[in-house]
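Enquirer:
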Amino acid sequence: MVAALEDALEGFIGALAHRVVAPAVPKAANFDELTSFLAGFILTDGSQARFIDKVKKLREAEREGSLPKVSERERRRIEAAPKEPQLALDESELKSAEQKLAHHIGPIARIIVKRAHAECTTRDAFYDRLAEELTDPAERDEFLSRLS
Numbered sequence: 000m001v002a003a004l005e006d007a008l009e010g011f012i013g014a015l016a017h018r019v020v021a022p023a024v025p026k027a028a029n030f031d032e033l034t035s036f037l038a039g040f041i042l043t044d045g046s047q048a049r050f051i052d053k054v055k056k057l058r059e060a061e062r063e064g065s066l067p068k069v070s071e072r073e074r075r076r077i078e079a080a081p082k083e084p085q086l087a088l089d090e091s092e093l094k095s096a097e098q099k100l101a102h103h104i105g106p107i108a109r110i111i112v113k114r115a116h117a118e119c120t121t122r123d124a125f126y127d128r129l130a131e132e133l134t135d136p137a138e139r140d141e142f143l144s145r146l147s
């Protein structure tokens, strides 16, 4: 489960996850405390919520005995595979979305936009993913209206 937690957190904070998870495990009183501690390394509320959801799914899979086992060799192959965006957006649209999101969350917007572009398959899903980073509903609505 520690490797699965590292993989889940790595999607949000990069290689730092491998230096954070293992030392935190023995210090946490329980799994929920560990999850909250690890979520603290993620900069935005929306990303923290996605991480927590991902961990809940991993925990359910572990309870059901369906947690996938990935060999180290297979893991390296997957990580080395190029991640081509599935959504065709031009550079000016990406830059515009980044600037509008940065107005709300700062320079981390560049990373959020890049990841959303790589993961989302529709324009609406892309913008919704960006809006998830904003916790205030009014701010989220204002952000989405500025994008259209």
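Under numbering that gives the first Met the number 0, think of the first position of the sequence shown as 0, with each following residue one higher. Positions of the beta carbon are idealized from the N, C-alpha and C atoms, including for glycine. Bear in mind that the values here come from a model prediction, so they are computed numbers and not experimental data.
Grab me the residues of Ile12's own chain with a C-beta within less than 7 Å of its C-beta, minus the 5 sequence neighbours each way, in chain order.
Expert: If we look at Ile12 and ignore the five residues flanking it on each side, its Cβ neighbours are Phe40, Ile41.
Enquirer: Rounded to a whole number of angstroms, what is the C-alpha to C-alpha distance between Ala38 and Glu97?
Expert: 23 Å
Enquirer: From this set, Cys119, Lys113, Ile104, Glu141, which residue's C-alpha is nearest Glu132's C-alpha?
Expert: Ile104
Enquirer: DSSP state of Glu61, grouped into three classes?
Expert: helix
Enquirer: How big is the Cα-Cα spacing for Ala50 and Ser91?
Expert: At residue 50 the sequence reads Phe, which differs from the Ala that was named. Those two C-alpha atoms are separated by around 29 Å.
Enquirer: Between Ile110, Lys55, Arg18, Asp44, which lies nearest to Glu32 when the distance is taken from Cα to Cα?
Expert: Lys55
Enquirer: Please state if the CB of Met0 and the CB of Glu59 are separated by a distance shorter than 7 Å.
Expert: no
Enquirer: According to DSSP, is Arg72 helix, strand or coil?
Expert: Note that Arg72 scores a pLDDT of 49, beneath 50, so its modelled location is shaky and nothing firm can be said.
Enquirer: Val20 by DSSP, collapsed to three states: which one?
Expert: Val20 sits in a helix when the DSSP states are folded into three classes.
Enquirer: If we call anything under 7 Å between Cβ atoms a contact, is Phe142 one with Ala124?
Expert: no
Enquirer: Please report the residue range of the alpha helix (DSSP H) in which Lys113 lies.
Expert: 108 to 118
Enquirer: Residues in its own chain within less than 7 Å of Leu205 by CB, not counting five upstream and five downstream?
Expert: Here the chain comprises residues numbered 0 to 147, so residue 205 is not present and cannot be evaluated.
Enquirer: Look up Ala87 in the DSSP assignment and say whether it is helix, strand or coil.
Expert: In this structure, Ala87 counts as coil in the three-state DSSP scheme.
Enquirer: Going by CA-CA distance only, name the one from Ala101, Arg122, Glu63 that's closest to Asp89.
Expert: When only C-alpha atoms are compared, the closest one is Arg122.
Enquirer: Apart from the five residues just before and just after Leu100, which ones in its own chain have a Cβ nearer than 6 Å to its Cβ?
Expert: Closer than 6 Å at Cβ, skipping near neighbours: Ala108, Leu129.
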